[in-house]
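Residue numbers (the UniProt record's numbering): 1 to 666. Each remark here refers to the structure printed beneath this line.
This is the structure:
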């Protein structure tokens with residue numbers, strides 16, 4: 001009777017002891033290197049023969065040391081290493097390979113190995129011998145051969161398997177309810193996805209854990225694959241009525257910066273921006289916190305800010321809704337899209353200076369502004385104030401304040417100015433949150449608007465509503481016995497105080513400037529004319545020159561304009577500041593004062609330039625540079641104060657709050 005190699009044959013209950021006995025035996029007989037080797041040696045024929053003998057000896061030792069039941073599971077395996085690993089899986093790795101599936105795991109080992117190596121011939125041979133394998137689960141995770149081939153990224157094996165499989169077999173899912181197309185979406189294998197979808201497009205509608213294949217590809221950042229899958233995904237499945245697929249894709253495309261898809265989604269389904277996902281948030285809510293997508297989130301140094309402001313950026317002419325362009329590459333290597341072909345040296349120079357990154361950043365900002373515009377348009381036209389909480393608009397508004405995304409705050413305020421007065425769960429409004437989170441750029445929105453113009457807007461609303469209601473309604477009272485006029489006065493007391501403060505500060509600053517101009521122009525009129533008189537006639541010697549005439553006219557206009565501005569601003573300072581004054585009186589004085597001040601500064605610079613031409617005797621090489629320098633104060637005033645002047649004028653004398661040309665809707 002032959003001597004036993006180990007004390008007990010492996011029967012499934014003694015693996016821990018059996019493994020130690022068998023390992024010691026293999027080590028003692030110089031066979032353990034066959035188990036540890038990564039691959040067999042094939043370079044030398046002698047070495048190959050030696051390896052073959054060792055493999056056979058180790059395999060025989062394992063076979064004769066197993067019970068007949070265990071041997072039935074490993075008898076088809078011709079590699080000692082694979083046999084050793086299979087026994088380890090059968091006896092130790094139970095969570096990964098469930099006991100009922102051990103047979104299948106062992107049986108399909110050659111197929112899995114061939115797929116992993118990309119050996120198409122071995123795959124064909126195995127399937128010829130086992131024709132029913134093409135639709136069976138061949139791994140411990142419930143994956144089919146198509147799943148494995150897709151994950152390996154082998155297009156040839158995938159094409160071969162797809163030809164053999166029916167439409168129903170292509171829709172098979174693993175333990176995670178994932179189809180093979182989901183696997184292709186994860187790795188960004190566009191050609192593999194195309195191969196499957198040529199046979200059936202139904203695969204794009206089969207979701208795994210609430211994610212469609214197009215969403216999976218987008219979440220993984222595969223732009224070509226995402227565009228291809230999006231072009232084949234029925235838009236109806238993305239609509240709000242069919243769940244949160246559309247909002248999830250919008251959210252993912254914004255995060256992955258696939259803005260062409262984002263724009264197409266919003267153009268075809270604006271409500272997706274305010275549709276909640278399974279996590280309870282909305283794309284608008286998430287979008288409002290992405291400060292890097294907006295200019296306010298820039299942290300460039302000075303020279304980069306200059307380059308950013310000078311680079312011209314225009315959004316490419318977009319396709320019509322539902323016609324996102326796709327590109328299926330010859331292979332699945334991803335290349336940077338949108339770069340202009342140029343010599344490698346020039347490209348490296350641009351990249352070293354960060355110019356391409358600045359351009360890409362500014363282009364993203366342009367896309368983000370367009371997305372924000374579409375979202376705000378949907379809010380202003382389709383969502384009632386009472387549904388702001390439900391649609392996540394309050395969350396987006398206060399999120400934008402928290403992260404300092406001033407562009408989102410401004411756009412939402414334009415969509416609905418009532419957001420100025422809303423408070424969050426901690427009873428903090430816009431200003432309080434801006435101060436709490438130290439967001440000076442958000443705080444500046446209200447500061448720049450000015451309390452006076454806010455008060456004017458409130459009065460315009462009050463007067464407009466008053467003009468259309470029944471006269472008797474004006475005297476109606478609430479449960480506290482207060483009529484509308486009293487309630488308005490009580491609720492706007494602080495705004496009147498803030499408006500008065502803003503008006504006085506503005507008027508005081510402008511009065512100082514106007515007074516200085518009066519002083520300068522008054523003294524200049526006499527200093528120039530008296531100091532340049534003819535000693536015999538007493539007439540200014542330059543009186544016949546056109547430059548002198550321009551000086552006199554400019555000086556007079558500047559003097560009277562500055563005097564007018566000072567008087568207007570004094571009128572503002574001495575006003576009684578009643579509520580009704582904010583409607584017309586105070587804004588009108590401010591408009592006249594700012595206009596007169598602008599005229600006085602411009603004519604003062606004209607007078608200065610004309611007298612220089614006289615003194616320098618028309619030397620253009622000196623006069624022109626000085627004239628250009630003299631225009632700087634005028635330009636600065638235009639940039640700093642002219643927008644305020646226009647805003648006050650439009651607010652006071654514009655079309656008003658309501659559109660009075662609105663057609664009857666019935």
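The C-beta atom is built at its ideal place from N, Cα and C for all residues, glycine as well. These figures come from a predicted structure and were not determined experimentally.
- Judged by DSSP in its simplified three-state form, residue 225 adopts helix.
- Comparing alpha carbon positions, the residue from 641, 616, 621 and 588 closest to residue 599 is 641.
- Residue pairing by DSSP places residue 66 opposite 10 in a beta bridge.
- By DSSP's assignment, residue 477 forms a beta bridge with 483.
- The C-alpha of residue 114 lies about 52 Å from the C-alpha of residue 298.
- About 7 Å separates the Cβ atoms of residue 457 and residue 651, confirming a contact at the 8 Å cut-off.
- For residue 238 against residue 188, the beta-carbon gap comes to about 21 Å, at or over 8 Å, which does not count as contact.
- DSSP, read as helix, strand or coil, puts residue 208 in strand.
- With the rule of 3 Cβ pairs closer than 8 Å, the region 472-480 does not count as touching the region 512-520.
- Here the alpha carbons of residue 223 and residue 281 stand approximately 24 Å from one another.
- Distance between residue 23 and residue 232, taken at the CA atoms: about 56 Å.
- With contacts defined as CB atoms closer than 7 Å, residue 20 and residue 81 fail to qualify as a contacting pair.
- Taken in chain order, the complete alpha helix (DSSP H) segments of 4 or more residues contained in the region 368-448 are 393-403, 406-415 and 430-436.
- The three-state secondary structure of residue 264, taken from DSSP, is helix.
- For residue 5, no alpha helix (DSSP H) segment is defined, and its DSSP state is neither H nor E.
- By the Cβ test, the region 240-255 is in contact with the region 283-296, since at least three Cβ pairs between them sit closer than 8 Å.
- Short of 6 Å from the beta carbon of residue 592, and not among the five residues preceding or following it, lie these beta carbons of its own chain, in chain order: 568.
- Counting C-beta atoms within 10 angstroms of its own C-beta, residue 78 has fewer than 16 neighbours from the protein chains shown and is therefore classed as exposed.
- Around the C-beta of residue 149, 16 or more other C-beta atoms lie within 10 Å, and the residue is accordingly described as buried.
- Secondary structure at residue 255: helix, using DSSP grouped into helix, strand and coil.
- The Cβ neighbour count for residue 421, taken over all protein chains shown within 10 Å, is under 16; the residue is labelled exposed.
- Taking a cut-off of 8 Å on C-beta distances, the region 192-202 touches the region 153-165, as three or more cross pairs fall below it.
- If you draw a straight line from the Cα of residue 559 to the Cα of residue 595, it is about 14 Å long.
- A direct Cα-Cα distance of roughly 41 Å separates residue 615 from residue 647.
- Ranked by how close their Cα comes to the Cα of residue 220, the residues 208, 202 and 253 have 253 in first place.
- Excluding five sequence positions before and after residue 236, the CB atoms of its chain that fall closer than 8 Å to its own CB belong to 242, given in chain order.
- Runs of alpha helix (DSSP H) with 4 or more residues, each lying fully within the region 161-186, are found at 167-170, listed in chain order.
- Residue 496 and residue 644 have their alpha carbons spaced roughly 19 Å apart.
- Sequence-distant Cβ neighbours of residue 445 in its own chain, meaning closer than 7 Å and more than five residues away, are 406, 409 and 410.
- In its chain, beyond the 5 residues on either side, 244, 247, 248 and 251 have a beta carbon closer than 7 Å to the beta carbon of residue 277.
- Residue 155 places its beta carbon less than 7 Å from that of residue 191.
- Between residue 579 and residue 436 the beta-carbon gap is near 31 Å, outside 8 Å, which marks them as no contact.
- In this structure, the straight-line span from the alpha carbon of residue 524 to that of residue 563 is close to 15 Å.
- Boundaries of the alpha helix (DSSP H) around residue 81: 80-91.
- The Cβ atoms of residue 230 and residue 214 sit closer than 7 Å to each other.
- Put simply, the region 389-396 does not touch the region 301-315. Fewer than three CB pairs are less than 8 Å apart.
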